[in-house]
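Asks:
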Amino acid sequence: LFLGNPPEVLERAYEVVREAQLAGIAEYRDGANANAADLAARKLIDETEFKGTFIHSFGHGIGQDVHQAISVSPKSEQILHAGNIVSAEPGIYIPGVGGIRIEDTVLVTEKGYEILTDFDHSFTVVQ
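Letter by letter, the sequence shown follows residues 498 to 624 in my numbering.
1) Along the alpha helix (DSSP H) that carries L536, what are the first and last residues, could you check?
2) Over what stretch of residues does the alpha helix (DSSP H) that includes V594 continue unbroken?
3) Drop a sphere of 10 angstroms on the beta-carbon of E607, count the other beta-carbons inside from all chains shown, and report buried for 16 or more, exposed for fewer.
4) Anyone know if the C-beta pair for L577 and A531 falls short of 8 Å?
5) For S573, list the residues DSSP reports as bridge partners.
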(Lines of atoms letter the chains of each structure in order from A and count residues from 1; the text may use other names and numbers.)
(Lines give C-alpha, C1' and ligand atoms only; values in the text may rest on other atoms or scores of the structure.)
Protein backbone atom coordinates (compact mmCIF):
# COMPACT_ATOMS: atom_id res chain seq x y z
CA LEU A 1 0.00 0.00 0.00
CA PHE A 2 1.42 3.35 -1.05
CA LEU A 3 0.11 6.80 -0.20
CA GLY A 4 0.63 8.84 -3.36
CA ASN A 5 2.61 7.79 -6.41
CA PRO A 6 5.73 5.83 -5.44
CA PRO A 7 8.94 6.07 -7.45
CA GLU A 8 9.02 3.55 -10.32
CA VAL A 9 11.99 1.83 -8.70
CA LEU A 10 9.76 0.84 -5.77
CA GLU A 11 7.14 -0.60 -8.12
CA ARG A 12 9.87 -2.79 -9.64
CA ALA A 13 11.20 -3.64 -6.17
CA TYR A 14 7.71 -4.76 -5.14
CA GLU A 15 7.54 -7.17 -8.09
CA VAL A 16 10.96 -8.60 -7.25
CA VAL A 17 10.16 -8.99 -3.54
CA ARG A 18 6.93 -10.84 -4.35
CA GLU A 19 8.75 -13.18 -6.75
CA ALA A 20 11.46 -13.75 -4.12
CA GLN A 21 8.86 -14.47 -1.47
CA LEU A 22 7.19 -17.11 -3.64
CA ALA A 23 10.57 -18.66 -4.49
CA GLY A 24 11.41 -18.89 -0.79
CA ILE A 25 8.02 -20.25 0.24
CA ALA A 26 8.37 -22.98 -2.38
CA GLU A 27 11.33 -24.30 -0.34
CA TYR A 28 9.23 -24.77 2.82
CA ARG A 29 8.57 -28.48 3.36
CA ASP A 30 9.03 -31.22 5.92
CA GLY A 31 12.71 -32.19 6.19
CA ALA A 32 14.08 -29.14 4.36
CA ASN A 33 16.90 -27.05 5.80
CA ALA A 34 15.46 -23.68 6.83
CA ASN A 35 18.26 -21.92 4.95
CA ALA A 36 16.90 -23.12 1.57
CA ALA A 37 14.06 -20.58 1.63
CA ASP A 38 16.38 -17.68 2.44
CA LEU A 39 18.93 -18.72 -0.16
CA ALA A 40 16.27 -19.07 -2.90
CA ALA A 41 14.83 -15.62 -2.21
CA ARG A 42 18.26 -14.01 -1.85
CA LYS A 43 19.46 -15.57 -5.13
CA LEU A 44 16.45 -14.22 -7.00
CA ILE A 45 16.93 -10.70 -5.61
CA ASP A 46 20.69 -10.75 -6.20
CA GLU A 47 20.14 -11.63 -9.87
CA THR A 48 18.33 -8.31 -10.36
CA GLU A 49 19.34 -4.67 -10.17
CA PHE A 50 18.64 -4.91 -6.41
CA LYS A 51 21.64 -7.11 -5.58
CA GLY A 52 22.75 -6.62 -1.98
CA THR A 53 19.58 -4.83 -0.82
CA PHE A 54 18.04 -7.79 1.04
CA ILE A 55 19.70 -7.12 4.40
CA HIS A 56 17.86 -9.37 6.87
CA SER A 57 16.80 -12.99 7.08
CA PHE A 58 13.87 -14.43 5.12
CA GLY A 59 11.87 -15.46 8.15
CA HIS A 60 11.54 -16.98 11.59
CA GLY A 61 9.41 -19.39 13.53
CA ILE A 62 6.06 -18.22 14.88
CA GLY A 63 4.44 -19.60 18.01
CA GLN A 64 3.48 -18.30 21.41
CA ASP A 65 6.13 -15.63 20.87
CA VAL A 66 6.32 -13.63 17.64
CA HIS A 67 9.90 -14.80 17.02
CA GLN A 68 10.14 -18.51 17.84
CA ALA A 69 13.31 -20.58 17.76
CA ILE A 70 13.44 -21.36 14.02
CA SER A 71 15.70 -19.04 12.07
CA VAL A 72 15.12 -18.90 8.31
CA SER A 73 18.45 -17.32 7.45
CA PRO A 74 21.31 -18.08 5.04
CA LYS A 75 23.41 -19.76 7.75
CA SER A 76 20.62 -21.69 9.44
CA GLU A 77 21.21 -25.40 9.97
CA GLN A 78 17.75 -26.04 11.37
CA ILE A 79 15.50 -28.63 9.74
CA LEU A 80 11.85 -27.78 9.15
CA HIS A 81 9.19 -30.24 10.26
CA ALA A 82 5.52 -30.63 9.41
CA GLY A 83 3.60 -28.46 11.86
CA ASN A 84 6.20 -25.69 12.06
CA ILE A 85 4.77 -22.23 11.47
CA VAL A 86 7.19 -19.75 9.93
CA SER A 87 7.17 -16.30 8.39
CA ALA A 88 8.16 -15.47 4.83
CA GLU A 89 9.27 -11.84 4.72
CA PRO A 90 11.91 -10.85 2.18
CA GLY A 91 12.62 -7.19 1.59
CA ILE A 92 14.48 -4.72 -0.56
CA TYR A 93 15.77 -1.47 0.95
CA ILE A 94 17.06 1.38 -1.20
CA PRO A 95 18.89 4.15 0.70
CA GLY A 96 17.29 7.55 0.20
CA VAL A 97 14.28 6.04 -1.59
CA GLY A 98 12.49 3.54 0.64
CA GLY A 99 11.89 -0.14 1.05
CA ILE A 100 9.52 -2.99 0.36
CA ARG A 101 8.78 -5.97 2.57
CA ILE A 102 6.00 -8.51 2.07
CA GLU A 103 5.20 -10.90 4.92
CA ASP A 104 3.07 -14.01 5.13
CA THR A 105 2.67 -16.73 7.74
CA VAL A 106 3.21 -20.25 6.44
CA LEU A 107 2.51 -23.73 7.84
CA VAL A 108 5.04 -26.41 6.91
CA THR A 109 3.18 -29.58 5.90
CA GLU A 110 4.24 -33.13 5.06
CA LYS A 111 3.79 -32.38 1.36
CA GLY A 112 5.02 -28.78 1.32
CA TYR A 113 3.35 -25.73 2.78
CA GLU A 114 0.10 -23.88 3.36
CA ILE A 115 -0.02 -20.07 3.39
CA LEU A 116 -2.10 -19.10 6.43
CA THR A 117 -2.44 -15.38 5.81
CA ASP A 118 -5.22 -14.19 3.53
CA PHE A 119 -3.87 -10.98 2.08
CA ASP A 120 -4.25 -9.23 -1.26
CA HIS A 121 -0.72 -8.92 -2.64
CA SER A 122 -1.60 -6.50 -5.42
CA PHE A 123 0.42 -3.31 -5.75
CA THR A 124 -1.97 -0.68 -4.35
CA VAL A 125 -1.64 3.11 -4.57
CA VAL A 126 -3.95 5.39 -2.57
CA GLN A 127 -4.25 8.96 -3.83
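Glycine residues also receive a C-beta, built at the ideal position from the N, C-alpha and C atoms.
Replies: Walking through what the data contain:
1) N532 to D543
2) Where V594 is concerned, there is no enclosing alpha helix (DSSP H), given that its DSSP letter is neither H nor E.
3) exposed
4) yes
5) Beta-bridge pairing links S573 to no other residue.
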